[in-house]
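Going by the UniProt record's numbering, the sequence shown opens with residue 1, and the numbers climb by one from there.
Please read the structure below before turning to the comments.
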Amino acid sequence: MDDATDTVCETCIQAKITRMPVPDERESNLAESYGDRIHTDTWASDVTSLGGNKYITTWTDDATRWTKMVPQKEKNQAFPAYKALKAEL
């Protein structure tokens, strides 16, 4: 069993990885009014919905935290959906 101490276990190393703590205070100020700053994310699901959608794009307003989610069949539908959102603002 002397060789056991020389073995590197990737799972053991990953299990000991820690994350940096979330800061108590924001690094930037909140936007002052609706639509000033919007955060977006597009992600793919492993499962296609009954409507044939595989992707979801979210937009979150920084000032109000209002969030809109748009299901999409193709990832390239995110920009036209953004243009429609921008027209609503």
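Think of the CB as a built atom: it goes at the ideal place given N, C-alpha and C, for glycine as much as any other residue.
Just so you know, these numbers come straight off a predicted model, no measurement behind them.
List the residues that DSSP assigns as beta-bridge partners of residue i.
{"i": "I17", "result": "Its beta-bridge partners do not exist; DSSP assigns none."}
{"i": "A84", "result": "None; A84 has no bridge partner."}
{"i": "Y55", "result": "A44 and Q72"}
Could you check where the beta strand (DSSP E) with residue i kicks off and where it finishes?
{"i": "P71", "result": "T67 to Q72"}
Rounded to the nearest angstrom, what separates residue i and residue j at their Cα positions?
{"i": "S49", "j": "A87", "result": "27 angstroms"}
{"i": "V8", "j": "M20", "result": "24 angstroms"}
{"i": "T64", "j": "E27", "result": "17 angstroms"}
{"i": "K16", "j": "E10", "result": "10 angstroms"}
{"i": "D36", "j": "D46", "result": "33 angstroms"}
{"i": "E74", "j": "A84", "result": "16 angstroms"}
If we count the other Cβ atoms within 10 Å of its Cβ and call it buried at 16 or more, is residue i buried or exposed?
{"i": "W59", "result": "buried"}
{"i": "T57", "result": "buried"}
{"i": "Y34", "result": "exposed"}
Is the separation between the beta-carbon of residue i and that of residue j shorter than 9 angstroms?
{"i": "D24", "j": "H39", "result": "no"}
{"i": "N53", "j": "P71", "result": "yes"}
{"i": "T42", "j": "Y55", "result": "yes"}
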